[in-house]
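Notes follow once the structure below has been shown.
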Amino acid sequence: MISAPLGGLGQPPRAAPAARLPVEGANGTYMPMGAPRISYASPPYSGGYALKLAVEKLGGKDIPKLITLPLPIVTNDTVKYCKEGTWAEMKDGCNAFPPALVPNPGWFASIYSPETPEIGLQAALVGQPEQ
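In my numbering, the protein residues as written are 210 to 340.
Right, here's the structure in full:
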């Protein structure tokens, strides 16, 4: 496995499928997996979820006054490689994206929420909702 070094909280290790093999989109900043890693941050999907709830409230739906969002944590033991970054794939637990899909190593990967099936990788990167 290969991973981009963490640039700060909220940036899970971006995994590659196999050690010492060429990785599409990778460059010299990638290093072998094994070094202890952790990612723990306020998820960026919270903005999209808040907007979704506001629209529902304007439509007459009752919305709870307090909503607690779980803070995702990714470690060496829980990192799971995404092949495409679809919402369904993230629902199944993937949380790390190949550099060919997400070339910016400072990108925040914790975009999955069961409450926002509209937000997959393309929604986060270019504003294209899941179909």
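Note that CB positions come from ideal geometry on N, CA and C, so glycine has one too.
What does DSSP give as the partner residues of Ala305 in its beta bridges? In the sequence shown, residue 305 corresponds to position 96, counting from 1. DSSP output for Ala305 lists Tyr290 as bridge partner(s).
Among the candidates Glu324, Asp286 and Cys303, whose CA atom is the shortest distance from the CA of Glu265? The sequence position of residue 265 within the sequence shown is 56, counting from 1. Checking every option, the nearest Cα to that of Glu265 belongs to Glu324.
Span separating the alpha-carbon of Ala318 from that of Thr295: In the sequence shown, residue 318 corresponds to position 109, counting from 1. In the sequence shown, residue 295 corresponds to position 86, counting from 1. Ala318 and Thr295: Cα-Cα distance of roughly 12 angstroms.
Out of Ala297, Cys303, Pro307 and Leu278, state which residue places its alpha-carbon closest to the alpha-carbon of Ala250. The residue labelled residue 250 in the question sits at position 41 within the sequence shown. Measuring from the Cα of Ala250, the nearest candidate turns out to be Leu278.
Three-way DSSP call (helix, strand, coil) for Tyr249 in this model: Taking the first residue of the sequence shown as 1, we reach residue 249 at position 40. Here Tyr249 sits in strand by DSSP.
Can you tell me the Cα-Cα spacing of Glu298 and Pro281, whole angstroms? In the sequence shown, residue 298 corresponds to position 89, counting from 1. In the sequence shown, residue 281 corresponds to position 72, counting from 1. Going by the C-alpha atoms only, they are around 16 angstroms apart.
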